[in-house]
Amino acid sequence: MESGHRRYLMTRHPHFRALEYSCTSQYDRIQKFSTMSSLSSLSTSTLPSSYSIPAIYPAATLQTEELSTQTTQPLYLYITPSPDLSARPSYAVPSRFTLPPHPHGSVIEAITASDDFKVRRDRQPPLKDYRNWFKVYWDIIANPLATYSLSPGRSTLVVCDEGVWEINEDIDYCRFRGKEDHLEDGPWIYYDHYLSRNEDEEEEEEDIYFG
């Protein structure tokens, strides 16, 4: 088949491995397999030149719709005369990524309702880091579930099983903000536990060194 009689079906998305769709001449078989893992990945397959949408196209759009729930970026499908990144998308699917619900939503809503702050939920927070910081810095046992960026001030609201905590930008102060449907303005707690533990370790090292 000459290249002038070919068209390309391409899928492009930034955070997933590219999906390449190929089909028989009757468009009755679809194969899906992983290709490139680039952040701006592109896959292509040749299709006979036709302005009618082949049977593979609805199936490709359906799978793209399914992928849209797993990424925060929009996905695109292209049917073009050449495999070119500058091609105009034939079909676009917006991100339908949703974050799982968590407890203490009323606390977040109460803070959001205030004109003093803007709250934005973080999509991929380092929950394990927050768990460690609570333990090491403040001797708090907490199981983080989600985080919100709070501005102005750049503090972070950490939603845990036990309630909602606020950590300042420098990660040396925290305070309890409430749980379930009860909002609190707890006192700021300095990370004395971390500092005192380091002082104890230094004293132990001095005792060992000087005998």
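Following this note's numbering, the numbering of the sequence shown begins with 29 at its first residue and continues without gaps.
Glycine included, every Cβ here is placed at the ideal spot set by N, Cα and C.
Inter-residue Cα distance where the pair is residue i and residue j
i, j, result
"I195", "T97", "30 Å"
"R151", "L127", "7 Å"
"D213", "G181", "16 Å"
"Y165", "Y176", "20 Å"
"R124", "A174", "19 Å"
"R159", "Y222", "14 Å"
"F204", "D198", "17 Å"
"R225", "H130", "33 Å"
"A138", "G206", "10 Å"
Whole-Å CB distance - residue i paired with residue j, under 8 Å assumed
i, j, result
"P172", "L185", "In fact, because the Cβ distance is near 11 Å, the residues do not count as touching under 8 Å."
"D209", "S134", "4 Å"
Three-state secondary structure (DSSP) of residue i
i, result
"W216", "coil"
"I199", "coil"
"E137", "helix"
"R151", "coil"
"H210", "strand"
"R159", "helix"
"L178", "strand"
"S142", "coil"
"L173", "strand"
Bridge-paired residues (DSSP) for residue i
i, result
"G191", "C188"
"F204", "W193"
"S183", "L178"
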